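Enquirer: Once you've had a glance at the structure underneath, I'll fire off some questions.
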Amino acid sequence: MFFISSLDDDDTDFVTKLQSSRFISEYDVKQLYVIDNKKVTFILKTIDFIESTYQDWEWYFYHPLTGLNLNDNTIVLHSNKLQVEYLTSPIIPFLLKKKVGEHDTYKFIVSTINGFSEDNFSKLITYCRDNTLDHVSDFEVLTPDYFSDDHDAIKRKVLSSFETSIKISIKNYLPTFRSLADE
3 MFFISSLDDD DTDFVTKLQS SRFISEYDVK QLYVIDNKKV TFILKTIDFI
53 ESTYQDWEWY FYHPLTGLNL NDNTIVLHSN KLQVEYLTSP IIPFLLKKKV
103 GEHDTYKFIV STINGFSEDN FSKLITYCRD NTLDHVSDFE VLTPDYFSDD
153 HDAIKRKVLS SFETSIKISI KNYLPTFRSL ADE
């Protein structure tokens, strides 16, 4: 179900309002994907950020291995199509590819609709590590509200708890005048 309104703000969260309704319990609804202004804005702003920041990279939606597809050798781990499950997920993973000399370079990006926090950042790094293969050169986490002036100490604390040779960075996909210092 898409609930997109031109009368409401981009951040209107209809999903939270629907969760408190009796609609789902009154009807035998097995699966319902509710997409509202907030979610569509998140998806579009993330894609805009990736396309403008990584113009010389090819980007794909990443499809992680799950218990359902683990033994299927025909599974493609990335494509130009967003899996339906991510329409309601708080994260969207991406795989970026760029030819450098004779070799392909890969970057794994995970964008979240949730705000920056120590716990969220740590969980997203763990997600990146658990869902990428050896050929990924670096991870990047995108949040809507990361600012180095406010969050650098937390970022350094979390990064120091992970032992990895892979470069890990964090950026704000909703740049404002405050994020100019991060560039």
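Residue numbering for the sequence shown follows the working numbering, starting at 3 and increasing by one per position.
Think of the CB as a built atom: it goes at the ideal place given N, C-alpha and C, for glycine as much as any other residue.
Note that the structure is predicted; figures quoted are calculated from it, not measured.
Thinking just about the alpha-carbon of each residue, which of Ser167, Thr18, Val138, Tyr56 is nearest to the one in tyrosine 108?
Expert: For the residues Ser167, Thr18, Val138, Tyr56, the minimum Cα distance to tyrosine 108 belongs to Val138.
Enquirer: Hey, quick one: how far does the alpha helix (DSSP H) through isoleucine 45 stretch, first residue to last?
Expert: Taken as a continuous stretch (DSSP letters only), the alpha helix (DSSP H) holding isoleucine 45 covers 39-55.
Enquirer: What's the gap between the Cα of asparagine 133 and the Cα of glutamine 57?
Expert: Approximately 24 Å between the Cα atoms of the pair.
Enquirer: Report yes if the C-beta distance between isoleucine 111 and glutamate 142 is below 8 Å; otherwise report no.
Expert: Contact: yes.
Enquirer: Can you tell me the Cα-Cα spacing of aspartate 140 and lysine 40, whole angstroms?
Expert: Straight-line Cα distance between these residues: approximately 28 Å.
Enquirer: If you drop the 5 nearest sequence neighbours on each side, which residues of the same chain put their C-beta closer than 7 Å to that of histidine 80?
Expert: Cβ neighbours of histidine 80 beyond the five flanking positions: Tyr62, Phe63, Tyr64, His65, Leu97.
Enquirer: Would you mind giving the Cβ-Cβ distance between phenylalanine 51 and leucine 144, rounded to the nearest angstrom? I have them listed as a contact below 8 Å.
Expert: Sure, about 7 Å apart at Cβ, within 8 Å.
Enquirer: Which two residues bound the contiguous alpha helix (DSSP H) that contains aspartate 106?
Expert: No alpha helix (DSSP H) contains aspartate 106, which is instead part of the beta strand (DSSP E) from 105-114.
Enquirer: Would the C-beta of isoleucine 168 count as close to the ligand ATP, meaning under 7 Å from any of its heavy atoms?
Expert: Of the ligands one can find in the structure shown there are none, so the ligand ATP has no counterpart to examine.
Enquirer: How many Å lie between serine 124 and leucine 89 at the Cα?
Expert: Distance between the alpha carbons of serine 124 and leucine 89 is about 23 Å.
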